[in-house]
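J.:
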Amino acid sequence: MSDAAKEFEAIKAVHTALESLDEDARTRVLNYIVSLLGINTKVNSGRVTATEPDEGDDGDEAPPVGKAIEGTQTFSSFAELYAAADPKSNGEKALVIGYWLQECQGGENFTAALANKELTHLGHKVANITDAIDSMKNQKPMLILQLKKSGNSRQARKLYKISHEGIKRVEAMIRG
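Under the numbering used here, the very last position in the sequence shown is 711; numbers go up by exactly one each time.
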């Protein structure tokens, strides 16, 4: 079976599985699958597309241009955003990568594994990304929100989202 035929069969299967669900349920299912399979989402021409990383993907391909922050430049790469924000602590690193994944890449949420993978590509891996995220969750007001936990163990997969206050904090970091 050709790759195109396999893709078409996968599309049919996904469509059939999602067809009977309401919009919110479809979104939850797709977000979970994207997170589970480690699929990167990119915003292109106002549309979100999902792509799996190539086996030889070294992260050098430029991501799409991020959204503009009033009074600041737009960021065409996470490296540019990171340099502009200049995070000082591991918690701030987690906040900045969450901002990139959520606000600039158009994601609704992110996982700690994906956040640390992106930081690692940039050379700023965090030894314990969950602790870094927890430091932002434990602040008042909360800068990162935990949306969901899958599994019972401490290592269970968790979904996070940057709060409105977290977004404001990163934008303040960018402005200096």
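By construction, the Cβ of each residue, glycine as well, lies at the ideal position given by its N, Cα and C atoms.
Report yes if the C-beta distance between residue 695 and residue 674 is below 7 Å; otherwise report no.
T.: No. Outside cutoff.
J.: Which value, in whole angstroms, describes the spacing of the CA atoms of residue 609 and residue 538?
T.: Cα to Cα, residue 609 sits roughly 37 Å from residue 538.
J.: The alpha helix (DSSP H) spanning residue 683 covers which residue range?
T.: Residue 683 -> not in any alpha helix (DSSP H); beta strand (DSSP E) instead, spanning 679 to 685.
J.: Ordered along the chain, which non-local residues of its own chain (more than five positions away) have a Cβ less than 8 Å from that of residue 636?
T.: Taken in chain order, the residues that qualify are 642, 645, 649, 650, 653.
J.: Kindly give me the distance between the Cβ atoms of residue 771 and residue 668, rounded to whole angstroms, as I take these residues to be in contact under 8 Å.
T.: It is not possible to answer for residue 771, since the shown part of the chain is limited to 536 through 711.
J.: Which residue's Cα is closest to the Cα of residue 566: 685, 702, 709?
T.: Minimum Cα distance to residue 566 is reached at 685.
J.: Going by beta carbon distance, what residues of the same chain come within less than 8 Å of residue 614, once the five residues before and after it are set aside?
T.: Answer for residue 614: 657, listed in chain order.
J.: Just list the residues that DSSP pairs residue 646 with in beta bridges.
T.: 694.
J.: Buried or exposed: where does residue 612 fall if 16 or more other Cβ atoms within 10 Å of its Cβ makes it buried?
T.: Burial call: buried.
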